[in-house]
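To start, the structure under review is shown below, and the notes come after it.
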Amino acid sequence: MNIINLKNAKKLIAVALIGTLGLTGCSKFLDINDNPNNPDKANPSLLLPTVQAGISQVIGNTFQVYGNIWGQYWTQNPSSSQYQSIDQYKIANTAMDRSWLIIYRNTLNNAELIINTNVANSEYFKGIAYILKAYTFQVATDAFGDIPLSEALNAAEFISPKYEKQELVYDSIFNYIDKGVALLGTAQANAVSSQDMIFGGDLKKWKAFANTLKLRAYLRISNVDADKASAGIKALYASNPVFLSQDASITYTTTGGNENPLYNEMVGLRRVQNVVASSTVVNAFVANKDPRRFAFYEKVVGIDGKVQDTIAHIVQGGYKANTNKSVSSPSALVAANANAATSATAPVKLMSNTESLFLQAEAALKGWGKGDATTLYKQGVAASFKATGYSDEEAKTYLANAKDAKFEDEASTETKLKTIITQKYFAMCGFQGFEAWTEWRRTGYPTFFTTSVESLLGAGRMPLRMPYANSEATSNLNYPGNVLIYMPVWWDVK
Numbered sequence: 001m002n003i004i005n006l007k008n009a010k011k012l013i014a015v016a017l018i019g020t021l022g023l024t025g026c027s028k029f030l031d032i033n034d035n036p037n038n039p040d041k042a043n044p045s046l047l048l049p050t051v052q053a054g055i056s057q058v059i060g061n062t063f064q065v066y067g068n069i070w071g072q073y074w075t076q077n078p079s080s081s082q083y084q085s086i087d088q089y090k091i092a093n094t095a096m097d098r099s100w101l102i103i104y105r106n107t108l109n110n111a112e113l114i115i116n117t118n119v120a121n122s123e124y125f126k127g128i129a130y131i132l133k134a135y136t137f138q139v140a141t142d143a144f145g146d147i148p149l150s151e152a153l154n155a156a157e158f159i160s161p162k163y164e165k166q167e168l169v170y171d172s173i174f175n176y177i178d179k180g181v182a183l184l185g186t187a188q189a190n191a192v193s194s195q196d197m198i199f200g201g202d203l204k205k206w207k208a209f210a211n212t213l214k215l216r217a218y219l220r221i222s223n224v225d226a227d228k229a230s231a232g233i234k235a236l237y238a239s240n241p242v243f244l245s246q247d248a249s250i251t252y253t254t255t256g257g258n259e260n261p262l263y264n265e266m267v268g269l270r271r272v273q274n275v276v277a278s279s280t281v282v283n284a285f286v287a288n289k290d291p292r293r294f295a296f297y298e299k300v301v302g303i304d305g306k307v308q309d310t311i312a313h314i315v316q317g318g319y320k321a322n323t324n325k326s327v328s329s330p331s332a333l334v335a336a337n338a339n340a341a342t343s344a345t346a347p348v349k350l351m352s353n354t355e356s357l358f359l360q361a362e363a364a365l366k367g368w369g370k371g372d373a374t375t376l377y378k379q380g381v382a383a384s385f386k387a388t389g390y391s392d393e394e395a396k397t398y399l400a401n402a403k404d405a406k407f408e409d410e411a412s413t414e415t416k417l418k419t420i421i422t423q424k425y426f427a428m429c430g431f432q433g434f435e436a437w438t439e440w441r442r443t444g445y446p447t448f449f450t451t452s453v454e455s456l457l458g459a460g461r462m463p464l465r466m467p468y469a470n471s472e473a474t475s476n477l478n479y480p481g482n483v484l485i486y487m488p489v490w491w492d493v494k
């Protein structure tokens with residue numbers, strides 16, 4: 001985990017800008033030309049933290065909540081009500097306004113300003129900006145499907161940017177990654193660590209992040225365009241890539257305004273604990289005798305005041321039937337515990353070392369990447385155990401005994417893929433809710449999801465995308481119209 005000193009004034013300002021953004025409105029979110037906080041020209045060193053903090057705000061707050069609830073790690077607390085609509089799969093378009101605004105105006109527009117800067121010797125910043133642009137567009141298109149792309153970051157010329165097909169967005173993602181890596185390979189790419197909140201200016205780590213992001217993106221489209229995915233991954237491996245071996249994350253502080261964004265919001269709601277453990281994942285953890293459940297959730301406290309080795313949970317959406325039941329909260333480790341001050345410093349993980357290993361395992365399993373799938377898979381499980389405070393020996397015991405961890409040599413490729421994705425799902429609990437939900441959409445794994453008992457979609461339907469922001473319907477003449485959340489995105493063909 002990379003720990004960055006957020007006392008640096010520039011970083012404090014960057015985080016403060018994100019907080020301000022959530023409280024202000026704008027009728028034309030793409031039009032930044034008259035906004036003093038988004039000038040046409042700025043020093044890349046001042047803009048880079050805003051890009052990093054912006055996407056972390058989305059991944060670590062709104063998308064974290066939706067992902068963890070729709071990924072069935074969390075469900076609505078029976079004693080509160082803030083996220084009932086998410087459990088009901090009844091989402092108003094206005095719920096996406098804030099995230100859409102941060103994605104486009106704060107993150108992507110500032111990344112574009114860095115890319116277009118004329119400041120000398122800024123290749124380092126431009127390279128990172130391209131990579132973060134690719135990352136952010138992938139998050140956006142995975143959430144919403146077709147999105148504004150080529151016209152989205154030129155408000156002076158395109159007041160109403162057109163929406164482009166998700167397939168084209170993915171083509172651009174690969175292009176942005178390549179441009180970023182090329183810039184980082186130039187002699188002028190001089191790192192300035194104090195402005196980089198993720199890797200502290202380490203170019204090798206940024207290249208590893210870019211390679212891992214490209215691998216993730218190609219695997220994402222592998223079910224809808226296997227030929228492109230296969231060719232892309234083989235070309236990636238032909239370059240002898242280095243992949244992430246640590247988390248790509250921002251670690252927060254207890255300083256006001258610089259806390260983990262989800263914790264910060266919960267505290268702002270007067271410390272109401274809005275989410276609790278879902279039976280979907282807890283039952284699976286128990287069936288596998290998985291000790292990590294005690295890292296992800298708080299244990300039950302008995303009437304005698306003693307802590308028990310039990311996680312109390314309710315079925316997904318079961319908040320109405322359990323109004324008098326005490327249910328375990330997510331732990332401080334994953335930042336969703338409003339009653340634990342240590343949640344303030346929990347990191348937001350853009351990508352994790354654990355995810356990197358599981359991606360490599362899948363690529364090897366399909367014959368597109370190098371390495372041994374079994375070894376990489378086991379390393380992924382071990383990395384998750386280490387990240388949650390458990391030993392290699394405990395990971396080995398788990399691998400030998402857990403029913404959902406078996407990786408038999410004679411098993412089919414599909415069975416092995418199911419195991420890889422299911423174990424990735426367990427590892428992402430609380431930390432990477434949006435990515436876990438997205439991988440379930442791509443693969444159909446794990447197979448033990450249930451429909452929320454409070455679902456308003458009917459007929460066993462599940463949420464497969466987020467609705468477009470209401471601000472688009474009211475300000476963009478090229479708005480394509482609302483798409484029902486149970487309609488799959490382009491790459492979701494399982």
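In this note's numbering, the protein residues as written are 1 to 494. Don't be surprised by glycine CBs; every beta carbon is placed ideally from N, CA and C. Owing to the predicted nature of the structure, the values given are computational and were not obtained by experimental measurement.
Close-in-space but distant-in-sequence residues of the same chain around residue i (CB under 6 Å, 5 per side omitted)
{"i": "residue 259", "result": "252 and 344"}
{"i": "residue 35", "result": "Reliability of the predicted coordinates at residue 35 is poor, the pLDDT of 40 falling under 50, and the value obtained from them is presented with this limitation in mind. Result list for residue 35: empty, nothing under 6 Å."}
{"i": "residue 261", "result": "57, 60 and 61"}
{"i": "residue 232", "result": "218"}
{"i": "residue 508", "result": "One cannot answer for residue 508 here, as it falls past the ends of the chain, which runs 1 to 494."}
{"i": "residue 434", "result": "63 and 67"}
Among the options, the one whose alpha carbon lies nearest that of residue i
{"i": "residue 94", "options": "177, 469 and 120", "result": "469"}
{"i": "residue 417", "options": "294, 398 and 439", "result": "439"}
{"i": "residue 381", "options": "335, 370, 367 and 404", "result": "404"}
{"i": "residue 243", "options": "360, 377, 132 and 284", "result": "360"}
{"i": "residue 457", "options": "99, 484, 170 and 255", "result": "484"}
{"i": "residue 277", "options": "325, 366, 365 and 350", "result": "325"}
{"i": "residue 318", "options": "76, 65 and 55", "result": "76"}
{"i": "residue 254", "options": "70, 347 and 184", "result": "347"}
{"i": "residue 332", "options": "308, 297, 322 and 310", "result": "297"}
{"i": "residue 489", "options": "47, 399 and 166", "result": "166"}
{"i": "residue 97", "options": "471, 476, 475 and 477", "result": "471"}
{"i": "residue 355", "options": "409, 377 and 207", "result": "377"}
{"i": "residue 234", "options": "474, 369 and 81", "result": "369"}
{"i": "residue 412", "options": "374, 392, 309 and 424", "result": "374"}
{"i": "residue 91", "options": "349, 106, 65 and 447", "result": "65"}
{"i": "residue 182", "options": "208, 161 and 170", "result": "208"}
{"i": "residue 309", "options": "161, 320 and 293", "result": "293"}
Length of the line joining the Cα atoms of residue i and residue j
{"i": "residue 134", "j": "residue 111", "result": "10 Å"}
{"i": "residue 402", "j": "residue 288", "result": "5 Å"}
{"i": "residue 228", "j": "residue 222", "result": "8 Å"}
{"i": "residue 163", "j": "residue 151", "result": "9 Å"}
{"i": "residue 28", "j": "residue 139", "result": "Because residue 28 carries a pLDDT of 31, less than 50, the predicted location of this residue cannot be relied on, and no value is offered for it."}
{"i": "residue 314", "j": "residue 427", "result": "21 Å"}
{"i": "residue 479", "j": "residue 390", "result": "49 Å"}
{"i": "residue 339", "j": "residue 274", "result": "11 Å"}
{"i": "residue 367", "j": "residue 230", "result": "9 Å"}
{"i": "residue 443", "j": "residue 486", "result": "16 Å"}
{"i": "residue 295", "j": "residue 283", "result": "15 Å"}
{"i": "residue 240", "j": "residue 104", "result": "33 Å"}
{"i": "residue 174", "j": "residue 316", "result": "37 Å"}
{"i": "residue 312", "j": "residue 211", "result": "40 Å"}
{"i": "residue 44", "j": "residue 245", "result": "27 Å"}
{"i": "residue 124", "j": "residue 445", "result": "38 Å"}
{"i": "residue 184", "j": "residue 362", "result": "27 Å"}
{"i": "residue 415", "j": "residue 256", "result": "48 Å"}
CB of residue i within 9 Å of CB of residue j, strictly
{"i": "residue 451", "j": "residue 466", "result": "no"}
{"i": "residue 334", "j": "residue 481", "result": "no"}
{"i": "residue 83", "j": "residue 436", "result": "no"}
{"i": "residue 129", "j": "residue 147", "result": "no"}
{"i": "residue 248", "j": "residue 352", "result": "yes"}
{"i": "residue 213", "j": "residue 131", "result": "yes"}
{"i": "residue 142", "j": "residue 220", "result": "yes"}
{"i": "residue 79", "j": "residue 323", "result": "yes"}
{"i": "residue 108", "j": "residue 153", "result": "yes"}
{"i": "residue 328", "j": "residue 300", "result": "yes"}
Same chain, Cβ closer than 8 Å to residue i, neighbours up to 5 away in sequence not counted
{"i": "residue 168", "result": "149"}
{"i": "residue 177", "result": "130, 131, 134, 210, 213, 214 and 217"}
{"i": "residue 459", "result": "none"}
Cβ shell of residue i (< 7 Å), same chain only, five flanking positions each side left out
{"i": "residue 394", "result": "291 and 385"}
{"i": "residue 172", "result": "137 and 149"}
{"i": "residue 42", "result": "113"}
Beta bridge counterpart(s) of residue i as assigned by DSSP
{"i": "residue 249", "result": "349"}
{"i": "residue 147", "result": "164"}
{"i": "residue 69", "result": "The partner list for residue 69 (beta bridge, DSSP) is empty, contrary to what the question assumes."}
{"i": "residue 206", "result": "Paired residues: none, contrary to the question."}
{"i": "residue 277", "result": "74"}
{"i": "residue 314", "result": "278"}
{"i": "residue 241", "result": "Partner(s): none; residue 241 has no beta bridge."}
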